[in-house]
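*Asks:*
2 protein chains.
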Amino acid sequence: MRDRQRGARPALTEEKIVRAAIALADAEGLDALSMRRIAAELGSGTTSLYRHITGKDELIELMANAVFAELEPPAGTDDWLADLAAHGRALRAALLRHPWLAQQGMRRQALGPDVIRQSDHMLGVVHRATDDASQAAMVVESLTTFVLGSVAAQLSDLEVQRKTGMTEVEWQRAVGEYVQQVIDTGQFPHFNRRILEADDRDPEARFEFGLACLLTGIRQVLS
Amino acid sequence: MRDRQRGARPALTEEKIVRAAIALADAEGLDALSMRRIAAELGSGTTSLYRHITGKDELIELMANAVFAELEPPAGTDDWLADLAAHGRALRAALLRHPWLAQQGMRRQALGPDVIRQSDHMLGVVHRATDDASQAAMVVESLTTFVLGSVAAQLSDLEVQRKTGMTEVEWQRAVGEYVQQVIDTGQFPHFNRRILEADDRDPEARFEFGLACLLTGIRQVLS
DNA sequence: TACTCCACGGGTACAGTGTTCCCATGACAG
DNA sequence: CTGTCATGGGAACACTGTACCCGTGGAGTA
Numbered sequence: 207m208r209d210r211q212r213g214a215r216p217a218l219t220e221e222k223i224v225r226a227a228i229a230l231a232d233a234e235g236l237d238a239l240s241m242r243r244i245a246a247e248l249g250s251g252t253t254s255l256y257r258h259i260t261g262k263d264e265l266i267e268l269m270a271n272a273v274f275a276e277l278e279p280p281a282g283t284d285d286w287l288a289d290l291a292a293h294g295r296a297l298r299a300a301l302l303r304h305p306w307l308a309q310q311g312m313r314r315q316a317l318g319p320d321v322i323r324q325s326d327h328m329l330g331v332v333h334r335a336t337d338d339a340s341q342a343a344m345v346v347e348s349l350t351t352f353v354l355g356s357v358a359a360q361l362s363d364l365e366v367q368r369k370t371g372m373t374e375v376e377w378q379r380a381v382g383e384y385v386q387q388v389i390d391t392g393q394f395p396h397f398n399r400r401i402l403e404a405d406d407r408d409p410e411a412r413f414e415f416g417l418a419c420l421l422t423g424i425r426q427v428l429s
Numbered sequence: 207m208r209d210r211q212r213g214a215r216p217a218l219t220e221e222k223i224v225r226a227a228i229a230l231a232d233a234e235g236l237d238a239l240s241m242r243r244i245a246a247e248l249g250s251g252t253t254s255l256y257r258h259i260t261g262k263d264e265l266i267e268l269m270a271n272a273v274f275a276e277l278e279p280p281a282g283t284d285d286w287l288a289d290l291a292a293h294g295r296a297l298r299a300a301l302l303r304h305p306w307l308a309q310q311g312m313r314r315q316a317l318g319p320d321v322i323r324q325s326d327h328m329l330g331v332v333h334r335a336t337d338d339a340s341q342a343a344m345v346v347e348s349l350t351t352f353v354l355g356s357v358a359a360q361l362s363d364l365e366v367q368r369k370t371g372m373t374e375v376e377w378q379r380a381v382g383e384y385v386q387q388v389i390d391t392g393q394f395p396h397f398n399r400r401i402l403e404a405d406d407r408d409p410e411a412r413f414e415f416g417l418a419c420l421l422t423g424i425r426q427v428l429s
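Line by line, the protein sequences are chains Z and D.
Count along the first sequence from 1, add 206, and you get the number used in my numbering.
Count along the second sequence from 1, add 206, and you get the number used in my numbering.
#1: In chain order, what residues of the same chain lie with their CB nearer than 6 Å to the CB of Q360/Z, ignoring the 5 residues before and after it?
#2: Closer than 7 Å by C-beta to R425/Z: which residues in its own chain qualify, once you throw out the five before and the five after it? Chain order, please.
#3: When you compare the CB positions of R412/Z and D405/Z, do they come within less than 8 Å of one another, or not?
#4: For I228/D, count neighbouring Cβ atoms within 10 angstroms of its own Cβ and tell me buried if that reaches 16, exposed if not.
#5: Count the other C-beta atoms from every protein chain shown that fall within 10 angstroms of the C-beta of E221/D, then say buried if there are 16 or more, exposed otherwise.
#6: What number of angstroms, rounded off, separates the C-alpha of G235/Z from the C-alpha of W306/Z?
#7: Around the C-beta of S356/D, are 16 or more other C-beta atoms found within 10 angstroms, so that it is buried, or is it exposed?
#8: Pick from G261/D, A217/D, I223/D and C419/D: whose alpha carbon is nearest that of T370/Z?
#9: On the criterion of 16 or more Cβ atoms from any shown chain inside 10 Å, does T253/D qualify as buried, or is it exposed?
#10: Quick check: is any heavy atom of the ligand PLP less than 7 Å from the C-beta of F415/D?
#11: Let me know the secondary structure DSSP gives I223/D once reduced to three states.
#12: Quick check on this structure: which residue in D338/D, L317/D and G251/D has the alpha carbon closest to the alpha carbon of F274/D?
#13: What separation, rounded to the nearest whole angstrom, lies between the Cα atoms of R215/D and T391/Z?
#14: Within the same chain, show all residues whose beta-carbon is closer than 6 Å to that of P279/D, passing over the 5 residues directly before and after it, in chain order.
#15: Which residue's Cα is closest to the Cα of L231/D: A292/D, R303/D and G382/D?
#16: Looking at C-beta atoms only, is the number of pairs between the stretch 333-344 of chain Z and the stretch 329-347 of chain D that lie closer than 8 Å three or more?
#17: What residues from the stretch 307-319 of chain Z come within 8 Å of chain D, judged by C-beta to C-beta, listed N to C?
#18: Could you list which residues in chain D have their beta carbon closer than 7 Å to that of L354/Z, in chain order?
#19: Measuring only between beta-carbons, confirm whether R295/D sits less than 8 Å from chain Z.
#20: Whole angstroms is fine: what's the gap from G416/Z's alpha carbon to S325/Z's?
#21: With a 10 Å radius around its C-beta and 16 neighbouring C-beta atoms as the bar for buried, classify R208/Z as buried or exposed.
#22: With a threshold of 16 other CB atoms inside 10 Å of the CB of S348/D, please say whether the residue is buried or exposed.
#23: Helix, strand or coil for M372/D, going by three-state DSSP, please let me know.
#24: Hey, does T351/D have any beta-carbon neighbour from chain Z nearer than 8 Å?
#25: Quick check on the DSSP output: the alpha helix (DSSP H) that includes F394/D runs from which residue to which?
#26: Please return the same chain residues whose Cβ sits closer than 6 Å to the Cβ of H293/D, not counting the five positions on each side in sequence.
#27: Taking the alpha-carbon of R323/Z as reference, which of Q393/D, V224/D, D320/D and E376/D has the nearest alpha-carbon?
#28: Is there a Cβ from chain D that is less than 8 Å from the Cβ of T219/Z?
#29: From R298/D to L354/D, what distance separates their C-alpha atoms?
#30: Mind listing the chain Z neighbours of S362/D? Cutoff is C-beta to C-beta under 8 Å, in chain order.
#31: Does the CB of E365/D have a neighbour CB from chain Z at under 8 Å?
#32: Along the chain, where does the alpha helix (DSSP H) that runs through P409/D open and close?
#33: Measure the Cβ-Cβ separation of L301/D and A291/D and say whether it is below 8 Å.
#34: Please report the straight-line C-alpha distance between D237/Z and R314/D, rounded to a whole angstrom.
#35: Identify whether I228/Z lies in helix, strand or coil by the three-state DSSP scheme.
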């Protein structure tokens, strides 16, 4: 049936739908991502979307893949460990640009072509340090896991704020009062030190610290 | 109003609700966890639950805290790194017992008293290696992040199978065909090696590998 | 040109969801 | 006994994803 172009030309396309969905999820979060909202944004009927997409699950997979498609691999150097770190930072940056992916990425692992492409690049970097395919696979998985989890943790606070409609200050104070009560019990001395002494507020620093630990360990284990 | 026991005695309690909710989520997954189902399981009216719980969000937070409550800290040895690993494995075991928590844990970080207790224990272990409160906090966060992410990744496959109703064999074959197509294009040589050569199917081994990397790096960075 | 086909757009409907509002019930304080 | 009030629970609302159905219009064929 070679290129049968029977019927009306599509005004809607899969690409347009995915783009609108990503824009909506970026702007208002995963909870606001409903088929009706997407259709409204596109000025089309709700159920028309199903002509190009089998369901919401597939749509989210396509959205995830689209994010990985825009993720271009960082320029390679002669230091494989630095290159691996750069890949991790690039992935983190993409996840921060699209906060919904860090949350959704945990419950379904996408396997779109562009996801595979990115995975392939990272595997290539690791293969400069080892020939063991199993080890390379586990290294990449460890790094991806850490990046994904780190971003998700960082964003969870913001997500709560958006859902409750609290400003950051209100939220800080509400949590602060509760934490203060916990501290006053004196039951958790190390937790108290953490709250009172630790300066770990900067998500960037937390990420870099964990990344440094993980990469240091990876280099040691691979050697 | 000291201990005013006006009105009817509660047949429902927060604890019973949380217990029923955990049992339901364990058995049928997070998607099956609805207020109506919980109420049905308890033989009560749906909206009666709201007498003891402000909403579903709080309920899930209570559920998370309850899981941490049953998580008893492993016995300490004289090796802080081994103790830290034991804490990581205990956390992983708890998350595998309650698969919904690994998924939900990524979008809301619970701060219940038992969560704080567990955090305090881990901080105590790390403080045997360093006095820097910031570093200790970041070490614990890195480990928790990795464990959470690792379990979530491991469970995502099972979740897909449950949702689609496919058996593991059907799922393997469906994915296998797609992956075979990707391999045949030959565009991703490292990905191909990973699929064809790598033996990384055992989630336990993957977790232990990543854990070893992370802990090795942590020891090095802290020294 | 006339006819047929069918991909597409979209309205309706259904089984769910979390949650608010309201009322009835029953046990305790006075 | 009377009044108070925490509790249980029904009705209703504004949502959700999506299966089913129908109308339309442009392209291929006779």
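Every residue, glycine too, gets a C-beta built ideally from N, C-alpha and C.
*Replies:* Quick answer:
#1: In the first sequence, residue 360/Z corresponds to position 154, counting from 1. Closer than 6 Å at the Cβ level, and outside the excluded window around Q360/Z, lie P409.
#2: In the first sequence, the residue the question calls residue 425/Z occupies position 219. Same-chain partners within the cutoff: L287.
#3: Here residue 412/Z is taken as the residue at index 206 of the first sequence, counted from 1. Here residue 405/Z is taken as the residue at index 199 of the first sequence, counted from 1. Contact flag unset, no.
#4: In the second sequence, the residue the question calls residue 228/D occupies position 22. I228/D should be labelled buried.
#5: Here residue 221/D is taken as the residue at index 15 of the second sequence, counted from 1. Answer is exposed; the Cβ neighbour count stays below 16.
#6: As a first step, residue 235/Z must be located in the first sequence, where it is residue number 29. As a first step, residue 306/Z must be located in the first sequence, where it is residue number 100. Cα to Cα, G235/Z sits roughly 6 Å from W306/Z.
#7: The residue given as residue 356/D occupies position 150 in the second sequence. It is buried - the Cβ of S356/D has at least 16 other Cβ atoms within 10 Å.
#8: Within the first sequence, the letter at position 164 stands for residue 370/Z. Out of G261/D, A217/D, I223/D and C419/D, G261/D has the C-alpha closest to the C-alpha of T370/Z.
#9: Numbered from its first residue, the second sequence carries residue 253/D at position 47. The residue in question, T253/D, is exposed, as its Cβ has fewer than 16 Cβ neighbours within 10 Å.
#10: Inclusion of the ligand PLP in the displayed structure is not the case, the ligand content being empty and no account of it being possible.
#11: By one-based count along the second sequence, residue 223/D stands at place 17. Three-state DSSP puts I223/D in a helix.
#12: Start at 1 with the first residue of the second sequence, and residue 274/D comes out as number 68. Among D338/D, L317/D and G251/D, the Cα nearest to that of F274/D is on L317/D.
#13: By 1-based counting over the second sequence, the position of residue 215/D is 9. By 1-based counting over the first sequence, the position of residue 391/Z is 185. The straight-line gap from Cα to Cα measures roughly 31 Å.
#14: Residue mapping note: residue 279/D aligns to position 73 of the second sequence, counting from 1. Once the five neighbours on either side are set aside, the close Cβ partners of P279/D are H327.
#15: As a position in the second sequence, residue 231/D is number 25, starting the count at 1. In the sequence on display, residue 231/D carries Ala and not Leu. The shortest C-alpha separation from A231/D is found at R303/D.
#16: Contact check between the stretch 333-344 of chain Z and the stretch 329-347 of chain D: fewer than three CB pairs, one atom from each, fall below 8 Å, which does not count as touching.
#17: A308, Q309, M312, R313, R314, Q315, L317 and P319
#18: Your numbering for residue 354/Z matches position 148 in the first sequence. Those are G355, listed as they occur along chain D.
#19: Indexing the second sequence from 1 puts residue 295/D at position 89. Not one chain Z Cβ lies under 8 Å of R295/D.
#20: For the purposes of this step, residue 416/Z is taken as the residue at position 210 of the first sequence. For the purposes of this step, residue 325/Z is taken as the residue at position 119 of the first sequence. About 21 Å.
#21: Against the first sequence, residue 208/Z aligns to sequence position 2. Note that R208/Z has pLDDT 39, beneath the 50 cutoff, so the model's placement of it is unreliable and the number below is only indicative. Exposed, because fewer than 16 other Cβ atoms sit within 10 Å of the Cβ of R208/Z.
#22: Translated into positions along the second sequence, residue 348/D becomes position 142. By the 10 Å Cβ count, S348/D comes out buried.
#23: Here residue 372/D is taken as the residue at index 166 of the second sequence, counted from 1. Coil.
#24: In the second sequence, residue 351/D corresponds to position 145, counting from 1. Cβ-Cβ to chain Z under 8 Å: yes for T351/D.
#25: Within the second sequence, residue 394/D is the residue found at index 188, counting from 1. In this chain, F394/D is not harboured by any alpha helix (DSSP H), its DSSP state being neither H nor E.
#26: Within the second sequence, numbered from 1, the residue matching residue 293/D stands at position 87. For H293/D, same chain residues with a beta-carbon under 6 Å away, outside a window of 5 residues either side, are M328 in chain order.
#27: For this step, residue 323/Z is matched to residue 117 along the first sequence. Among Q393/D, V224/D, D320/D and E376/D, the Cα nearest to that of R323/Z is on Q393/D.
#28: If you number the first sequence from 1, residue 219/Z lands on position 13. Not an interface residue.
#29: Position 92 of the second sequence holds residue 298/D. Position 148 of the second sequence holds residue 354/D. Spanning the two alpha carbons is a distance of roughly 7 Å.
#30: Sequence index remark: in the second sequence, residue 362/D carries index 156 (1-based). By Cβ distance, chain Z contributes M312, R313, R314 and Q315.
#31: Translated into positions along the second sequence, residue 365/D becomes position 159. E365/D has a beta carbon lying within less than 8 Å of a beta carbon in chain Z.
#32: Counting from one through the second sequence, the residue named residue 409/D turns up at place 203. Going by DSSP, P409/D is part of the alpha helix (DSSP H) stretching over P409 to L428.
#33: Counted from its first residue, the second sequence places residue 301/D at position 95. Counted from its first residue, the second sequence places residue 291/D at position 85. Cβ distance not < 8 Å, so L301/D and A291/D don't count as in contact.
#34: Looking up residue 237/Z in the first sequence gives position 31. Looking up residue 314/D in the second sequence gives position 108. Each residue's alpha carbon lies about 14 Å from the other.
#35: Within the first sequence, residue 228/Z is the residue found at index 22, counting from 1. I228/Z: helix per DSSP, three-state reduction.
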